[in-house]
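A.B. asks:
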Amino acid sequence: MSSSTSRRSYGVKGAPYGFLLPATILFALFFALPIGYAVWLSFRKVHVSGLGLGPGARQEVWAGLENYTGAFRDSELLDGALRVLGYGCVVVPVMLGLALLFALMLDSDRVRLAPFTRLAIFLPYAIPGVVAALLWGFLYLPDVSPFYFVLDRLGLPQPDLLDGGPLYLALSNIAVWGGTGFNMIVIYTSLRSIPAEVYEAAKLDGATPLQIALRIKIPMVAPSLVLTFFFSIIATLQVFNEPTTLKPLTNSVNTTWSPLMKVYQDAFGRNDIYSAAAEATLIAVVTLLLSFGFLRAANRRNKQEAAG
Amino acid sequence: MPHTKRRRLVTTAVAVSLGATALAACGSEDGSKAESGPVSLTYWTWTPGMDKVVDLWNKGPGKKDQITVTVKKQASGDTLVTKILTAHKAKKAPDLVQAEYQALPTLVSNDALADISGEVGDVKDKFAEGVWQQTTLGTDAVYAVPQDIGPMMFYYREDLFKQYGLKVPTTWEQFAETARRLKKKAPDKDLTTFSANDSGLFAGLAQQAGAKWWTTSGDKWKVGIDDAATQKVARFWGGLVKEGVVDNQPMYTPSWNKALNTGKQIAWVSAVWAPGTLNTAAPDTKGKWAMAPLPQWSLDQDVTGSWGGSSTAVTTDSAHKEAAAKFATWLNTDHDALNALAKEGGIYPASTSAQLSGAFSNPPAYFSNQADFYTRAAGIAKTTAPSAWGPNVNVAYTSFKDAFGAAAKNKSDFAAALKTMQDDTVADMKKQGFEVSQ
Chain W
441 MSSSTSRRSY
451 GVKGAPYGFL
461 LPATILFALF
471 FALPIGYAVW
481 LSFRKVHVSG
491 LGLGPGARQE
501 VWAGLENYTG
511 AFRDSELLDG
521 ALRVLGYGCV
531 VVPVMLGLAL
541 LFALMLDSDR
551 VRLAPFTRLA
561 IFLPYAIPGV
571 VAALLWGFLY
581 LPDVSPFYFV
591 LDRLGLPQPD
601 LLDGGPLYLA
611 LSNIAVWGGT
621 GFNMIVIYTS
631 LRSIPAEVYE
641 AAKLDGATPL
651 QIALRIKIPM
661 VAPSLVLTFF
671 FSIIATLQVF
681 NEPTTLKPLT
691 NSVNTTWSPL
701 MKVYQDAFGR
711 NDIYSAAAEA
721 TLIAVVTLLL
731 SFGFLRAANR
741 RNKQEAAG
Chain V
67 MPHTKRRRLV
77 TTAVAVSLGA
87 TALAACGSED
97 GSKAESGPVS
107 LTYWTWTPGM
117 DKVVDLWNKG
127 PGKKDQITVT
137 VKKQASGDTL
147 VTKILTAHKA
157 KKAPDLVQAE
167 YQALPTLVSN
177 DALADISGEV
187 GDVKDKFAEG
197 VWQQTTLGTD
207 AVYAVPQDIG
217 PMMFYYREDL
227 FKQYGLKVPT
237 TWEQFAETAR
247 RLKKKAPDKD
257 LTTFSANDSG
267 LFAGLAQQAG
277 AKWWTTSGDK
287 WKVGIDDAAT
297 QKVARFWGGL
307 VKEGVVDNQP
317 MYTPSWNKAL
327 NTGKQIAWVS
337 AVWAPGTLNT
347 AAPDTKGKWA
357 MAPLPQWSLD
367 QDVTGSWGGS
377 STAVTTDSAH
387 KEAAAKFATW
397 LNTDHDALNA
407 LAKEGGIYPA
417 STSAQLSGAF
427 SNPPAYFSNQ
437 ADFYTRAAGI
447 AKTTAPSAWG
457 PNVNVAYTSF
467 KDAFGAAAKN
477 KSDFAAALKT
487 MQDDTVADMK
497 KQGFEVSQ
């Protein structure tokens, strides 16, 4: 053993790189390369000469920042972002609020049928987003919806859920219905990991269940709340399934309703993958900034609290 | 084809993965130049039952010539155009593709379609001139063989028209009057709807009015979407929507099906393929509908537009253009092939001789009350106005859906929506580098 010290030290030196190699290759092949290619495409464009008919009429040329300036100037992309912002302002608070409420209720001592209830709340998450959107879409259409039938019979007003402001509620409802269960499970799991001694101590001090929930449980699951909020922001920025599925049912959802729908439309509707690549890059950058900005803000607060 | 359009509800929502495209793009590239020896061709199509029609070829003429065709079922319309272009970028497009007429300039402009004028011979005479002209794009080249067409017609509930004392309109003015009279007699009913979710309908109506959306002069394109003829059509429908005498909700929705099935909407401006769509949308009203020619802009005219229809094209990636062109010609001109296409795929053939024979001797089951359905259809097909497609129809169509969708919803100015459509189309062409004249 001792005689081969020099050789072994050489081997040890190279070992970390050897172990890193598979991960590096996978990272380069399936992460860096496709993203790099998309960024490369975003700086290209097609140039047509003459009538553009026949061979050789179309050439891929360097575009510089043209696709990016185009994306910034395109009001439809900004409008889409604003629409998604409005949608997110409904979805995120409602979904996380409900998830926290359900998790706390399931965690309370007096709850019955907890496993069944947990499953029932979680189940919509298992339904594919497209199917969920189709299902709700049918329920929103006045002529085929049982809700409208009941409202009609009771002589109540029948709002048009596929238009104007209510459209945002209708779309949000689909996301909330599908996402609450998942977030509830995340929060609930972290609630279960709180040591029982903490509750005992609180009870001995005379805390009511409500006080335990507000003063002990919620602060202790704050990291999971941050995590679910983080996930929800990303999911909101990427909304695509619900509006795309509802689009054929109403005039109010256009082909570029959300930024991702605009990317899809540019890539596959207009066959302009270059603009689509530029827009996709922009969306990715904004998503990164927003989500990590939020994480940093949350971390800073935690540190301040720990220090104070 | 319209009955597949409702399926887009699902298919568009499912993300298109490039991986799937690459998998499906297993074109035959054995590089043999001479057309002797066995040849195998791949064919992308969305026509239902096409595999059975191709079986006829593989067991008959194809066996003799040692040309075997394999069908790969695809999604319809625009989705397939995207897929062909993607496959073509990798030089892996299949030998044969199905393409709607309005998609041909886009495909040709991307150099995806081969000129088969030397291979198809004298098939030109088998088709109406207006149909054939769409496959040549006004040049000496031939980029496809016409398969099916969609001449537009007026469909109405015969029983309800009688009940409300309405006459079948022969001019658009009468059409508007009919809509108003119906609204007066039955306020909860509509003659029809102005739907903004199928641009083909509006394009066909504009075509009937004499619009030429894309034309060329020299090396320049001219976009005439906002021309006088189309403005007339836009203002007409915009007026009806604003007046509230026709509905403004989209077609192909569960609501629309119900409205047709329960007689809430009692007419539909559609095309020759309507029986298939009505059969699924309004099964309870079978035998109660009748077909008439499209209303005209003036009494001395007899012209219709077309909505739908497609062709068979050979791609530039095919190593066997001659064999592929031979199959495309057989498929769209042979009596047995067209008969099988009509039976299995429910298509209305572009070939004029096939429009009155075989499967088209009897009316469709849904219209069993109208014995001369196909005789009249063939007569109407003859009056189809020429169409003028350009290299970015997809952009114009999307712009239509968004701009007219919003205008129909708000019951606002349709002329402004038309202007948006024109501007979007021109801007996109200029962005791509096309020369566009004002």
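Chains as they are written, first to last, in this note's numbering: chain W, 441 to 748; chain V, 67 to 504.
Built from N, CA and C at the ideal position, the CB exists for glycine as well.
#1: If we count the other Cβ atoms within 10 Å of its Cβ and call it buried at 16 or more, is V/T328 buried or exposed?
#2: Using a C-beta to C-beta distance shorter than 9 Å, which residues of chain W count as neighbours of V/L9?
#3: Using 10 angstroms around the beta-carbon of V/I182, count the other beta-carbons present and answer buried if the total reaches 16, otherwise exposed.
#4: Got a sec? Which residues, its chain only, sit under 8 Å from V/W505 by beta carbon, not counting five neighbours each side?
#5: In angstroms with no decimal places, state the Cα-to-Cα distance between W/P495 and V/L173.
#6: If we define contact as Cβ-Cβ less than 8 Å, is W/V488 a contact residue for chain V?
#7: The segment 471-498 of chain W: which residues have C-beta closer than 9 Å to a C-beta of chain V, in chain order?
#8: Residues bridged to V/Y221 by DSSP?
#9: What does DSSP give as the partner residue(s) for V/I133 in the beta ladder?
#10: What would DSSP say about V/W287, mapped onto helix, strand or coil?
#11: Alpha carbons only, please: which of V/S175, V/K467, V/S427, V/A272 is nearest the one belonging to V/S515?
#12: Residues of chain V with CB closer than 7 Å to the CB of W/T695, please, in chain order.
#13: With a cut-off of 8 Å, does the C-beta of W/F512 fall near any C-beta of chain V?
#14: Quick test of your reading: V/S265 and V/F466, contact by CB under 8 Å. State the CB separation rounded to the nearest angstrom.
#15: What distance in whole Å lies between the Cβ atoms of V/P452 and V/T196, which are believed to be in contact at a cut-off of 8 Å?
#16: Of the choices V/L232, V/A210, V/L422, whose alpha-carbon is the least far from that of V/G184?
#17: Below 8 Å between beta carbons: does that hold for V/N176 and V/L203?
#18: Taking buried to mean at least 16 other C-beta atoms within 10 Å of its own C-beta, is V/V492 buried or exposed?
#19: Counting pairs of Cβ atoms below 8 Å between the segment 362-381 of chain V and the segment 208-222 of chain V, do you hit three or more?
#20: Whole angstroms is fine: what's the gap from V/V76's alpha carbon to V/V380's?
#21: Would you verify that the beta carbon of V/Q498 is, or is not, closer than 8 Å to some beta carbon of chain W?
#22: Rounded to whole angstroms, how far is the Cβ of W/K687 from the Cβ of W/V693, which I believe are closer than 8 Å?
#23: Below 8 Å between beta carbons is the criterion; list the residues of the segment 308-328 of chain V that meet it against any residue of chain W, in chain order.
#24: Below 8 Å, how does it come out for the segment 504-519 of chain W and the segment 702-716 of chain W: are there three or more Cβ pairs, yes or no?
#25: If W/M624 sits next to W/F542, beta carbons under 8 Å apart, how far is it from one beta carbon to the other, in whole angstroms?
#26: Do three or more CB pairs link the segment 532-552 of chain W to the segment 664-672 of chain W at distances below 8 Å?
#27: Am I right that W/S548 and W/P649 are in contact with their C-beta atoms under 8 Å? What's the rounded C-beta distance?
#28: Residues of chain W with CB under 9 Å from V/W287, in chain order?
#29: Can you list, in chain order, the residues of its chain with a C-beta nearer than 7 Å to that of W/E400? Leave out the 5 residues immediately preceding and following it.
#30: So, helix, strand or coil for V/P415, using DSSP?
#31: Taking V/K192 as the query, report the chain W residues whose CB atoms sit under 7 Å from its CB, ordered along the chain.
#32: What residues in the segment 567-588 of chain W bring their beta carbon closer than 8 Å to a beta carbon of chain V?
#33: Counting only beta-carbon atoms, is V/K475 nearer than 8 Å to chain W?
#34: Can you list the residues of chain W that V/V174 reaches, using a CB-CB cut of under 8 Å?
#35: Does the distance from the C-beta atom of V/K448 to that of V/A194 stay below 8 Å?
#36: Quick check on V/G374: does DSSP put it in helix, strand or coil?
C.D. replies: The answer reads as follows:
#1: exposed
#2: Nothing in the structure corresponds to residue 9 of chain V, since chain V is present only between 67 and 504.
#3: buried
#4: Nothing about residue 505 of chain V can be read from this structure; chain V reaches only from 67 to 504.
#5: 11 Å
#6: yes
#7: K485, V486, H487, V488, S489, G490, L491, G492, L493, G494, P495, G496, A497, R498
#8: V/W334, V/M357
#9: V/V105
#10: strand
#11: Look at the range of chain V in this structure, 67 to 504, and you will see that residue 515 of chain V is not part of it.
#12: T464, K467, D468
#13: no
#14: 4 Å
#15: Residue identity differs from the one stated: residue 196 of chain V is Gly in this sequence, not Thr. Indeed, because the Cβ distance is near 5 Å, the residues count as touching under 8 Å.
#16: V/A210
#17: no
#18: buried
#19: yes
#20: Because V/V76 carries a pLDDT of 35, less than 50, the predicted location of this residue cannot be relied on, and no value is offered for it.
#21: yes
#22: 4 Å
#23: N314, Q315, P316, Y318, T319, P320, S321, K324, A325
#24: yes
#25: 5 Å
#26: yes
#27: 6 Å
#28: L491, G492
#29: Outside the shown range of chain W (441 to 748) lies residue 400 of chain W, about which nothing can therefore be said.
#30: strand
#31: What V/K192 touches in chain W: nothing, since even the nearest Cβ is about 25 Å away.
#32: V570, A573, L574, F578, L581, P582, D583, V584
#33: yes
#34: L493, G494
#35: yes
#36: strand
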